[in-house]
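Chemist:
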Amino acid sequence: MLLTMLLLGAVYVGFIAIFLAAGAGATLMLVIIGAMVFAQLFLSDKIALRAMGAREVTPEEAPGLHALIERLCIQADLPKPKVAVADIEVPNAFALGRSQKKATVCATTGIMNLLSPAELEGVMAHELAHVKNRDVLVMTVASFFASVAAMITQFGFIFGGGMGGGDDDEGPGFLAVLLVSLLVYVISFFLMLALSRYREFSADRGAALVTGRPSALSSALLKISGQMEKVPQQDLRAASEMNAFFIVPTSVKGAIQSVFSTHPSMDKRIERLGELERQLQAGPAAA
Amino acid sequence: MGFLDSILGGSRKLKAPAPDRLFAMTTAQVTLETELGLRHREVAGIVFQPLSTADFSGIVRESEELLRGAAEDTGSSVESADDAHGYRWIKVRDPDFEDLVVSLNLISGQLQTGGYGDRLLACVFAFTEEAAGRPVYFIYNFKRGSFYPFVPGAGPQRRDTESELRLKAQVGAELPIEPELARWFPMWDIPL
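From first to last, the protein sequence lines are chains A and B.
Residues in the first sequence are numbered from 114 upward in steps of one, following this note's numbering.
Residues in the second sequence are numbered from -1 upward in steps of one, following this note's numbering.
Here it is, written out as structure tokens:
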């Protein structure tokens, strides 16, 4: 997942470099990046739902899930999002959509079978917290800035190189431009991962506030992560592209260093939820 | 939810209840009964999310005792029960509508004084439409400080939106009705 994202981004930055080298102006590049961001904001939710095999469900089809989400929405003061269900065994849930009004929350049949009602409530509250915090928008905008930063570096180099025209100094070569812009991209990529982890913590905290049961979310996280390893590999691979807005990334096994991860480690999340539970037990006077 | 909250990843507190407009129901009830033929069923409930902390349980217990004490004077009866979603309902029965509103207000006031106003979900008032003999509910959303009608339709998970919109037009002048239809959350299986 991480490598794919990084490589995709690198290809993207490489393309921009080639375009620039071919003489495309900054305006054209901005338009191209803008179009990509537009597509990400306005189409990605539909594409993602289809990729997951999820479909929107009516209150008649999933009365329990709808009722649960409705009460959480009253509590969180949110308009009701669309509710979708993906008929797969991987226990997971995710939120999509650029704004609170256009949001969709999706649960897999796997997670609905695995968790108790209170745990499922915690997980859905986590996803609604992503909606409330506008995380899809924030992450899209952040990646947009990352691309723009890389582009400005390239443009600055070529422009700077061109200024010296006339003498035999031809400015930095194409390879140097590419390397520097890749470096800028890689740095911003890791900053984005850090941002993503931070927003996961925020969503956990939001979920704990809305449900008043941090421990239910902890237990849901434990159950999901325990279950993850047992799920057939094929499903995991099919699902791995969607990690960014999953409640738990699908590949928790292996010692991925925390800096390479979109999600904070399970231990840290549970530790922070435990802290919230302690605050809750102490009562509002102590908070 | 401000811009800054968005950037910082969400506020650290749940939204506190909006200014209390629960008492608007008392005046609206007269109109509902005399002009629209909606008879109140002498029962109303407040629903909130119980926390499993000693402090919270203590406050709920105290409020219920206070309510039961007051109920002896007014002749109302009090029940409490948890529903399938894990929310607590405190139900009050009293032939006098104003006593119902006062009782629910007492509970919400107690929870807010205790610092748990953010746990309050809704107040529900039950009516019967005399002509059709079917239930009609008015739900007060604490977060929004507004009411909305809820008319269950034929069949499970069905609601009669047409009647709800008509009710909005009919009592909108007297009752602060939730302006966004997207916030008219249904409540199925209301135990009233």
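Positions of the beta carbon are idealized from the N, C-alpha and C atoms, including for glycine.
1) With 9 Å as the threshold, decide whether the Cβ of Tyr135(B) is near any Cβ in chain A.
2) Beta carbon of Gly325(A), beta carbon of Gln47(B): below 9 Å?
3) Taking the alpha carbon of Glu232(A) as the reference point, which residue from Lys215(A), Leu393(A), Val323(A) has its own alpha carbon closest?
4) Between which two residues does the beta strand (DSSP E) containing Glu31(B) stretch?
5) Mark Ala82(B) as exposed unless 16 or more other C-beta atoms lie within 10 angstroms of its C-beta, in which case mark it buried.
6) Give a yes or no on whether 9 Å exceeds the smallest Cβ distance from Trp87(B) to chain A.
7) What residues in the stretch 174 to 203 of chain A have a beta carbon less than 7 Å from any beta carbon of chain D?
8) Assign Asp92(B) to buried or exposed, taking buried as 16 or more other Cβ atoms, counted over all protein chains shown, within 10 Å of its Cβ.
9) Starting from the beta carbon of Gln47(B), find every residue of chain A whose beta carbon is closer than 7 Å, and list them in chain order.
10) Starting from Leu181(A), trace the alpha helix (DSSP H) both ways and give me its first and last residue.
11) Whole angstroms is fine: what's the gap from Glu70(B)'s alpha carbon to Leu109(B)'s?
12) Tell me which same chain residues have a C-beta within less than 6 Å of the C-beta of Gly319(A), skipping the five on either side of it?
13) Excluding sequence positions up to five away, which residues of its chain have a Cβ less than 7 Å from the Cβ of Leu34(B)?
14) Helix or strand or just coil, what does DSSP make of Phe183(B)?
15) Take the Cβ of Ser328(A) as the centre, count every other Cβ of all protein chains shown within 10 Å, and call the residue buried at 16 or more, exposed below.
16) Mapping the DSSP letters down to three states, classify Pro377(A) as helix, strand or coil.
17) Exposed or buried, what is Lys366(A) when buried is set at 16 or more other beta-carbons lying within 10 Å of its beta-carbon?
18) Can you find the residues in the same chain that come closer than 7 Å, C-beta to C-beta, to Gly166(A), ignoring five residues on each side of it along the sequence?
19) Just the chain A side, please: which residues come within less than 7 Å of Lys13(B) by C-beta, in chain order?
20) Does the beta carbon of Thr217(A) come closer than 9 Å to any beta carbon on chain B?
21) From what residue to what residue does the beta strand (DSSP E) around Ala206(A) run?
22) Using three-state DSSP, classify Asn246(A) as helix, strand or coil.
23) Find the residues of chain A that neighbour Ala68(B), judging by a C-beta separation of less than 8 Å, and give them in chain order.
24) Can you look up Pro14(B) in the DSSP assignment and give me helix, strand or coil?
25) Measuring CB atoms only, is the stretch 13 to 32 of chain B touching the stretch 122 to 141 of chain B, in the sense that at least three cross pairs come out at less than 8 Å?
26) Show which residues of chain A have a CB atom less than 8 Å away from the CB atom of Ala180(B).
27) According to DSSP, is His239(A) helix, strand or coil?
28) Would a check of beta-carbon distances place Phe212(B) closer than 9 Å to chain A?
29) If I follow the unbroken alpha helix (DSSP H) through Thr111(B), where does it start and stop?
30) For Thr32(B), does the count of other Cβ atoms within 10 angstroms reach 16, so buried, or fall short, so exposed?
31) Answer with yes or no whether the minimum CB distance from Gly396(A) to chain B is below 9 Å.
32) For the alpha helix (DSSP H) that Ala82(B) lies in, which residues bound it at each end?
33) What does Ala152(B) touch in chain A if you count any residue whose Cβ is under 7 Å from its own?
34) Could you check if Gly278(A) is buried or exposed, using at least 16 other CB atoms within 10 Å of its CB as the buried criterion?
35) Kindly indicate if chain B contains any beta-carbon less than 9 Å away from that of Pro172(A).
Modeler: This is what the structure gives:
1) For Tyr135(B), the answer is no, since every Cβ of chain A falls outside 9 Å of its Cβ.
2) Yes. Within cutoff.
3) Of the listed residues, the one whose Cα sits closest to Glu232(A) is Val323(A).
4) The continuous stretches of beta strand (DSSP E) do not include Glu31(B), which lies in the alpha helix (DSSP H) extending over residues 22 to 34.
5) The residue in question, Ala82(B), is exposed, as its Cβ has fewer than 16 Cβ neighbours within 10 Å.
6) By this cut-off, Trp87(B) is not an interface position.
7) Absent from the structure: chain D. Protein chains present are A and B.
8) The C-beta of Asp92(B) has 16 or more other C-beta atoms within 10 Å across all chains shown, which makes the residue buried.
9) Residues of chain A passing the Cβ test: Gln188, Gly325.
10) Segment 176 to 189, the alpha helix (DSSP H) holding Leu181(A).
11) Cα atoms of Glu70(B) and Leu109(B): separation of roughly 21 Å, rounded to the nearest angstrom.
12) Cβ neighbours of Gly319(A) within its own chain (closer than 6 Å, five residues either side excluded): Ala242.
13) Gln168, listed in sequence order.
14) In the three-state scheme derived from DSSP, where H, G and I count as helix and E and B as strand, Phe183(B) is classed as coil.
15) Here Ser328(A) is buried. Its C-beta has 16 or more other C-beta atoms within 10 Å.
16) Reduced to three states, the DSSP call for Pro377(A) is coil.
17) For Lys366(A), the predicted model reports a pLDDT of 44, less than 50, meaning its position is unreliable; a value from the coordinates is still stated below. Counting the other CB atoms within 10 Å of its CB gives Lys366(A) a total below 16, which places it among the exposed residues.
18) Taken in chain order, the residues that qualify are Ala199, Asp200, Ile201.
19) Neighbours of Lys13(B) on chain A, chain order: Asp190.
20) Interface with chain B (9 Å Cβ-Cβ cutoff): Thr217(A) is excluded.
21) Taken as a continuous stretch (DSSP letters only), the beta strand (DSSP E) holding Ala206(A) covers 206 to 209.
22) For Asn246(A), the secondary structure class from DSSP, reduced to helix, strand or coil, is coil.
23) What Ala68(B) touches in chain A: nothing, since even the nearest Cβ is about 25 Å away.
24) As written in the sequence, residue 14(B) is Ala, which differs from the Pro given in the question. Coil at Ala14(B), not helix or strand.
25) Because the criterion of three Cβ pairs below 8 Å is met, the stretch 13 to 32 of chain B and the stretch 122 to 141 of chain B touch.
26) Here the neighbours are Pro192, Lys193, Lys214.
27) In this structure, His239(A) counts as helix in the three-state DSSP scheme.
28) Given that chain B is displayed from residue -1 to residue 190, the structure contains no residue 212(B) and the question cannot be resolved.
29) Looking at the DSSP string, the run of the alpha helix (DSSP H) that includes Thr111(B) is 95 to 111.
30) Thr32(B) comes out exposed.
31) At least one chain B Cβ lies under 9 Å of Gly396(A).
32) Bounds of any alpha helix (DSSP H) do not take in Ala82(B), whose DSSP letter is neither H nor E.
33) For the C-beta of Ala152(B), not a single chain A residue is nearer than 7 Å; the gap to the nearest is close to 12 Å.
34) Unreliable positioning characterises Gly278(A) in this predicted model, as indicated by a pLDDT of 43, which lies under 50. A coordinate reading is not provided.
35) Interface residue (Cβ-Cβ distance to chain B less than 9 Å): Pro172(A) is classified as such.
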